[in-house]
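In my numbering, the protein residues as written are -18 to 40.
Structure representation (C-alpha cells):
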C-alpha cells in the first residue's frame, strides 16, 4: 500500500523505489529515490530547482 504523497512539479514526476517511504512523507517533482534509501515521517523531498537523488543508505 502506498500511503505517501507523490506529485509532479513542472511536468516531472518522482520515481520512487519502495524500500522505505513513510506514509506521512511527500515527494514532489524531479526526485529519484533509489533502492536502499529511506524517507521518514513528515519529510518533504522536493525536486523543484534541481534533481534530488537519495541513494543507498541515504535518508
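For each residue, glycine too, the CB sits at the ideal point set by N, CA and C.
Beta-ladder partner(s) of residue i, from DSSP
| i | result |
| --- | --- |
| residue 1 | 19 |
| residue 38 | None, per the DSSP bridge assignment. |
| residue -16 | DSSP, once it has assigned bridges, lists no residue as partnering residue -16. |
Cβ-based burial, residue i [other Cβ within 10 Å; buried from 16]
| i | result |
| --- | --- |
| residue 10 | buried |
| residue 2 | buried |
| residue 25 | exposed |
| residue -5 | buried |
| residue 37 | exposed |
Top-ranked residue by Cα proximity to residue i, from the options
| i | options | result |
| --- | --- | --- |
| residue 13 | 33, 24 and 23 | 33 |
| residue -7 | 8, 4 and 38 | 8 |
Anticipated Cβ contact below 8 Å, residue i with residue j, distance rounded
| i | j | result |
| --- | --- | --- |
| residue 18 | residue 0 | 7 Å |
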